[in-house]
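The structure appears right after this line, and notes come after that.
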Ligand code: AMP
Ligand code: MG
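Numbering (this note's numbering), first residue to last: 66 to 473.
Now the structure itself:
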């Protein structure tokens with residue numbers, strides 16, 4: 066048997082970054098651009114806000130008029146009317162104040178707003194019971210963003226806040242990178258379509274296809290499923306060659322270990338240059354993982370074991386999709402802290418992903434390892450998340466606080 070050359074997970078991520086580029090960009094209307102990554106930095110075409118605004122409901126005044134005001138010694142100001150929302154504010158003089166609502170325009174002559182709770186209006190007099198500093202409860206023109214400032218940098222993901230920010234600037238279309246299209250194949254003579262009514266002897270359902278499709282779609286790609294490939298080199302090559310032509314990224318599930326019946330590696334060498342880059346990763350579960358660059362397009366070979374397939378796709382599939390979609394730097398992986406309930410062992414030199422269930426307890430969250438054969442999907446379905454044991458460690462002891470990456 067041929068020995069497998071293994072690459073560390075960190076090196077695989079670096080290879081992904083070095084080998085692949087963001088896809089071409091396109092212009093999209095803002096309301097269709099959510100989840101995409103900006104292909105160019107956007108500068109603010111105008112000031113935000115466009116005028117000095119109150120951040121509270123209260124009275125706009127000249128702050129100097131409130132100095133020394135207190136509960137027992139209120140300042141007395143002349144009521145000069147109300148600033149209507151969406152209307153220009155008439156100017157005020159010293160000694161006067163104007164009722165203003167949250168977001169309303171600050172009148173010329175005023176430099177602060179006292180909250181309505183700190184005042185009392187009787188007739189045409191407003192009593193002010195506390196002093197306000199200059200600029201208190203006011204957001205100035207351009208304070209959020211000045212015209213010409215970078216509003217969002219190239220590579221930013223357009224989440225809800227970014228969409229809102231661009232809309233507030235009147236930007237109705239954006240240059241974003243194209244959304245990757247993923248071609249997905251399952252492989253193995255034992256597989257039948259998952260919705261087949263009956264299974265012949267020795268047959269199993271192709272559970273990876275719909276699971277990986279959902280994951281890939283969650284990660285922001287469109288998926289084309291190429292069906293189940295029989296274990297034959299010719300069908301691997303023929304089907305994947307035409308699929309690669311229509312997609313940005315190819316994923317094979319199964320057939321990835323470097324053995325005589327495994328065709329993914331050979332197919333990768335034929336599909337395009339430079340070909341196979343990674344033929345095994347020091348990771349558990351998921352060691353028999355392949356990665357190739359076939360004429361500039363990434364091709365990922367996942368182990369067929371369902372747990373390994375999902376684990377590997379959630380790490381390296383995610384990184385590839387992010388790279389193609391134009392993500393500038395890897396996103397944060399949110400984790401929750403929990404106390405491990407049992408010792409777990411791990412081989413040094415390997416990054417282990419341990420499935421855990423989270424349990425609430427009086428002392429806080431507990432992480433309970435879910436044990437079972439690595440291929441068993443049930444163990445993953447029972448898990449809330451994963452603990453990552455770094456290669457330098459040979460396990461983690463019960464009682465230690467660990468970081469759990471939730472499995473969505
Ligand atoms: P392979 O990576 O092809 O050697 O497959 C490893 C194990 O995963 C075998 O037991 C396969 O039967 C199983 N397997 C491979 N592909 C799938 C799939 N699409 N759905 C469910 N199990 C699979
Ligand atoms: Mg197989």
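Ideal Cβ placement from N, Cα and C applies to all residues, glycine included.
On a predicted model such as this, the values are computed, not experimentally measured, just so you know.
Hey, would you say the C-beta of residue 487 is under 7 Å away from at least one heavy atom of the ligand MG?
Within the shown structure, residues of the chain are numbered from 66 to 473, placing residue 487 beyond reach of any answer.
Just how far apart, CA to CA, sit residue 281 and residue 85?
In a straight line, the C-alpha of residue 281 is about 18 Å away from that of residue 85.
Jot down the residue ranges of each uninterrupted alpha helix (DSSP H) in the stretch 218-265, minimum 4 residues, whole runs only, in chain order.
Here the runs fully enclosed are 225-233.
Using the rule of at least 16 other Cβ atoms within 10 Å of the residue's Cβ for burial, across every protein chain shown, is residue 152 buried or exposed?
Under this definition residue 152 is an exposed residue.
Which term fits residue 118, buried or exposed, when burial requires 16 or more other beta carbons within 10 angstroms of its beta carbon?
Its Cβ being crowded by 16 or more others within 10 Å, residue 118 is buried.
Which residue or residues does DSSP assign as beta-bridge partners of residue 405?
Answer is 432.
Under the three-state reduction of DSSP, which class applies to residue 81: helix, strand or coil?
In this structure, residue 81 counts as helix in the three-state DSSP scheme.
Verify whether the separation of the beta carbon atoms of residue 286 and residue 244 is less than 8 Å.
Yes, they are a contact pair.
Got a sec? Which residues, its chain only, sit under 6 Å from residue 465 by beta carbon, not counting five neighbours each side?
Here the set comprises 405.
Between which residues of its own chain and residue 197 is the CB-CB distance below 6 Å, once the five residues before and five after are set aside?
Correct list, in chain order: 128, 131, 177 and 179.
Does the stretch 215-228 come within contact of the stretch 90-108, defined as at least 3 CB pairs closer than 8 Å?
Touching, yes, given that three or more Cβ pairs across the two stretches are closer than 8 Å.
Answer yes or no: the CB of residue 417 versus the heavy atoms of the ligand MG, is any distance below 7 Å?
Not so, every heavy atom of the ligand MG lies at least 7 Å from the Cβ.
Between residue 524 and the ligand MG, is the CB less than 7 Å from at least one heavy atom?
There is no way to answer for residue 524, as the model of the chain reaches only from 66 to 473.
What number of angstroms, rounded off, separates the C-alpha of residue 160 from the C-alpha of residue 137?
Looking at the two C-alpha atoms, the distance is approximately 19 Å.
Report buried or exposed for residue 227, applying the criterion of at least 16 other Cβ atoms within 10 angstroms of its Cβ.
Residue 227 should be labelled buried.
Can you tell me whether DSSP reads residue 212 as helix, strand or coil?
Correct three-state label for residue 212: coil.
Mapping DSSP to helix, strand and coil, what is residue 361?
Residue 361 falls in the coil class under three-state DSSP.
Is residue 344 a contact residue of the ligand AMP, with contact defined as CB to any heavy atom under 7 Å?
Incorrect: residue 344 has no Cβ contact closer than 7 Å to the ligand AMP.
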